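Below is one structure; the comments refer to it alone.
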Amino acid sequence: MELILKTGSLLLIIVGAYAFKRAGMFKERDYKILQVFVFNVTLPAAVIHSFALNRHDMSMLWIVLLGFLGAFIPLFVIYFATRRESVEHRTFEMLNATTFNIGNFTLPVVTTFMGPAAGVPVVMFDMGNAIMCSAGSLVFTNALLHLDSDGGHRQTVGQKLRSAARNFYTSAAFDTYVVMVVLLFAGIAIPKEVVTVIEPLSNANAFCSMAMVGMMMDVPELSDDRREMLKVLAWRFVIAVVGSLAAWYLLPISPFARKIAVICMFAPIAIFATKFTDMTLGKAKLAGFSLTVSAVISLIVMAALSAFLPA
């Protein structure tokens, strides 16, 4: 019953934010304000808080590899599988079907369902995912589909590298992960005073992230857009099933960590994907709606896996 209530409360935040938007209490682009706050404040705080309070097993570095390969390999699979489709459709599928919404969705959901200790495997998964999520998917999509031209002129190798590096180092979440990994290998503990200061910000991550998902939602009007969304959801389901089977049978980690890794594979579309879709295609509404639909599906699947998957 408690799990059902927690699932319902998270869904209520999403639906409530959307209802407020439909009622005119939020403007169409107000989600961007919350997006800045979540990306730069609550998500980094949640990552630091998880690292500070929970013990880290070096064997969990296998989960980092899963997070990276789970986003990296499908991007190239989709690139080759969609070679007969238009560049616009390929761009949308490559950006939205590959990376995972971990820090803004899976982390608050899993810790709500399974407690703070579950946050460690989630964060480890997101370390690998963040390489692709925060910049990698955009960099590779631009390069493979030749979207990185400037005024009709192809960028030089140096310009491409500078652009890729900028996408990485300007991501507060990615920078936070890098610092946490350095501290992990150096054996440096985060001071208790820091934990006390960031705890309220970390606690706000779940609410702010769910509210942002609801505020981004807009039902697409074109049937072509709806078909594209369904393709993305189908791709994500296949990726999740294959990745979760690999995690369950191949990773040399504890049963509890393995269960969390499986749950992470069913994460929804990354919020960064909506940002990149807006930048490349100007389809923020479609990406936002796809994210919301995938989030609702993921929430239900994660609740079921938390309840029934053995650990």
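Per this note's numbering, the very first residue in the sequence shown carries number 72; after that it's consecutive. Even glycine gets a Cβ: it sits at the ideal position worked out from N, Cα and C. On a predicted model such as this, the values are computed, not experimentally measured, just so you know.
Spatial neighbours of E270 in its chain, beta-carbon cut-off 7 Å, leaving aside the 5 residues before and after
The residues are H120.
Option nearest F278 by Cα separation, candidates L124, K98 and P179:
Of the candidates L124, K98 and P179, the one whose C-alpha sits nearest the C-alpha of F278 is P179.
Who are the near neighbours of T162 in its chain, counting only those whose CB is closer than 7 Å to its CB and skipping five residues on each side?
Within the same chain, T162 has close Cβ partners T212, L216, L218, T351 and L352.
C-alpha gap between L105 and G285, whole angstroms:
Distance from the CA atom of L105 to the CA atom of G285, rounded to whole angstroms, is 11 Å.
Those runs of the alpha helix (DSSP H) which lie wholly inside the stretch 73–156 and span at least 4 residues
The DSSP assignment places 73–93, 102–108, 114–124 and 132–152 as complete runs of the alpha helix (DSSP H) inside the stretch 73–156, in order along the chain (cut-off: 4 residues).
Same chain only: Cβ atoms within 6 Å of A142, ignoring 5 sequence neighbours per side
Taken in chain order, the residues that qualify are T169, T170, N200 and M203.
Starting from P192, follow the alpha helix (DSSP H) in both directions and report where the run begins and ends.
G190 to I202 is the extent of the alpha helix (DSSP H) around P192.
Might you give, ordered along the chain, the residues of its own chain that have their beta carbon closer than 6 Å to the beta carbon of F91, omitting 5 neighbours on each side?
Residues of the same chain with a CB within less than 6 Å of the CB of F91, apart from the 5 flanking positions on each side, are F97 in chain order.
Counting C-beta neighbours from all protein chains within 10 Å, is the total for V135 16 or more, i.e. buried, or is it exposed?
Under this definition V135 is a buried residue.
With a CB to CB cut of under 7 Å and the five nearest residues on each side skipped, what residues in its chain are close to I331?
Only V181, A189, P192 and V193 meet the Cβ criterion.
Local conformation of I269 per DSSP, three classes
Note: I269 maps to helix in three-state DSSP.
In this structure, how does DSSP classify I259 when only helix, strand and coil are distinguished?
I259 falls in the coil class under three-state DSSP.
Alpha helix (DSSP H) runs wholly inside the stretch 321–367, at least 4 long, in chain order:
Inside the stretch 321–367, DSSP marks whole alpha helix (DSSP H) runs of 4 or more residues at positions 326–336 and 342–352, from first to last along the chain.
Pull up the distance between the alpha-carbon of L362 and that of V112, whole angstroms please.
Roughly 21 Å between the two C-alpha positions.
Quick one: using the 10 Å Cβ neighbour count with 16 as the cut-off for buried, is F379 buried or exposed?
F379 sits exposed, since fewer than 16 C-beta atoms from the chains shown fall within 10 Å of its C-beta.
Below 8 Å CB to CB, which residues in the same chain sit around P291 once its five sequence neighbours on both sides are set aside?
Sequence-distant Cβ neighbours of P291 in its own chain, meaning closer than 8 Å and more than five residues away, are R297, M300, K356, L357 and F360.
Whole angstroms is fine: what's the gap from M129's alpha carbon to P115's?
The alpha-carbon atoms of M129 and P115 are separated by roughly 21 Å.
Which residue from F151, N175, M198 and P145 puts its Cα closest to that of F308?
Closest by alpha carbon: P145.
S377: which of S365, K346, I340 and R329 sits nearest, CA to CA?
Here the closest residue by C-alpha is R329.
Sequence-distant residues of the same chain with beta carbon closer than 6 Å to F327, five excluded per side
Answer for F327: A382, listed in chain order.
Expressed to the nearest angstrom, what Euclidean distance is found between the alpha-carbon atoms of P323 and M185?
Between P323 and M185, the C-alpha separation is close to 21 Å.
For the candidate residues I310, L370, L232 and Y102, whose alpha-carbon lies nearest to that of E164?
For the options I310, L370, L232 and Y102, the alpha carbon positioned closest to that of E164 is the one of I310.
Of the residues S294, K354, S280 and G314, which one's Cα is nearest the Cα of F108?
In this structure, S280 is the residue among S294, K354, S280 and G314 with its C-alpha nearest to the C-alpha of F108.
Is the beta carbon of P187 sitting closer than 7 Å to the one on L272?
No, the pair does not count as a contact, with Cβ atoms beyond the cut-off.
Please classify A236 as buried or exposed, where buried requires at least 16 other C-beta atoms within 10 Å of its C-beta.
By the neighbour-count criterion, in which 16 or more other beta carbons inside 10 Å mark a residue as buried, A236 falls on the exposed side.
Going straight from the alpha carbon of L137 to that of F337, what length do you get?
Going from the Cα of L137 to the Cα of F337 covers about 13 Å.
Determine whether the beta carbon atoms of T247 and V118 lie at a separation below 7 Å.
Cβ distance < 7 Å, so T247 and V118 count as in contact.
Per DSSP, F171 forms a beta bridge with which residues?
Paired residue(s): I340.
By DSSP, does V290 sit in helix, in strand, or in coil?
In this structure, V290 counts as coil in the three-state DSSP scheme.
Expressed to the nearest angstrom, what Euclidean distance is found between the alpha-carbon atoms of A260 and M131?
If you take the alpha carbons of A260 and M131, they lie about 18 Å apart.
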